[in-house]
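Here this note's numbering is used: the sequence shown runs in plain steps of one and ends on residue 251. In what follows, a structure is listed as structure tokens, so that the remarks can point back to it.
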Amino acid sequence: MRVAIVTGATGGIGSEFCRALDSKGLDRIVVLGRNLDALRSVERELSTKMLLFQIDLTDRASLHGFESELLGSDYEIEYLVNCAGFGAFGDLPEQDARDTEGMIDVNVVALTELTRACIPMMRRGSWIIQVCSASAYLPLPGLGVYAATKAYVRSFTDSLRIELKDKGINVLEVSPGWVDTEFIDRAMQSHSVPKKVFRHRVNPQDVVSQAMGDIEKGKRRSVCGTYNKLQVFVCRHMPRVATSVWMRSLR
């Protein structure tokens, strides 16, 4: 059975990837998310049959339960889209420990374990799509744990691409800047982050459209929008300048 697996499929980039994969002739799209009603809403839009798994990726038992489901299946995974992510603003001493642990559990542990579980079920020409972030390229005071988890995803993705080259499994890093999702609304409401921080946001549809186009071109990294491409360039080559700009934006 030819399938795609998409985590974080309840909305934003995850649900947009489901819509993009609907035209790929797959037998199933397997989706993971915490909100079953939201998953069902996505399901109603698509022509491809979907399998819905209501899973909290911070719960190791639930994660391992899904991995057991994979082992007992006849899936041939053509696309693995690790889109689930969790972020929280705040300096570390003031940050809720549950938020800190949640970012590491979802952004690092779950992504790594799901990737490990899926690789044996992937064949030559399949794709692993790791949704990273432009924040992976720079330490971000006030968003330090989140940025560190995304730096892990970036490094892990680069290593994985080399490890899987001989198997013919492709690995794409998707690193958008600020995406117009509930994450931004929560940051402004609960952490009083200035609105100007998010002035160059992009929408999920454009992020996914760029990523699918970059898959067709066989690229290894996908960054949506001219501003975000410039941002990643500055972060990589002029990190002190980028950090200074970030700190000024928080004032």
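Cβ atoms here follow ideal geometry from the backbone N, Cα and C, with glycine treated the same way.
Counting C-beta atoms within 10 angstroms of its own C-beta, Glu-16 has 16 or more neighbours from the protein chains shown and is therefore classed as buried.
Beta-bridge partners of Val-81 (DSSP): Val-6, Ile-129. Here Ala-211 is not near Val-171, since their CB atoms are 8 Å or more apart.
Sorting Asp-105, Ala-38, Arg-40, Asp-22 by C-alpha distance to the C-alpha of Arg-60 places Asp-105 at the top. Contact annotation, Val-232 with Ala-134: C-beta distance approximately 5 Å; criterion of less than 8 Å satisfied.
For Glu-101, there is no enclosing beta strand (DSSP E); the enclosing alpha helix (DSSP H) has its first and last residue at 97-104.
Unbroken beta strand (DSSP E) runs of no fewer than 3 residues, entirely contained in the stretch 25-55, are found at 28-33, 50-54, following chain order.
According to the DSSP assignment, Glu-173 belongs to the beta strand (DSSP E) that extends over 170-174.
Under DSSP, the beta-bridge partners assigned to Val-202 are Val-179. With contacts defined as CB atoms closer than 8 Å, Glu-78 and Ala-4 qualify as a contacting pair.
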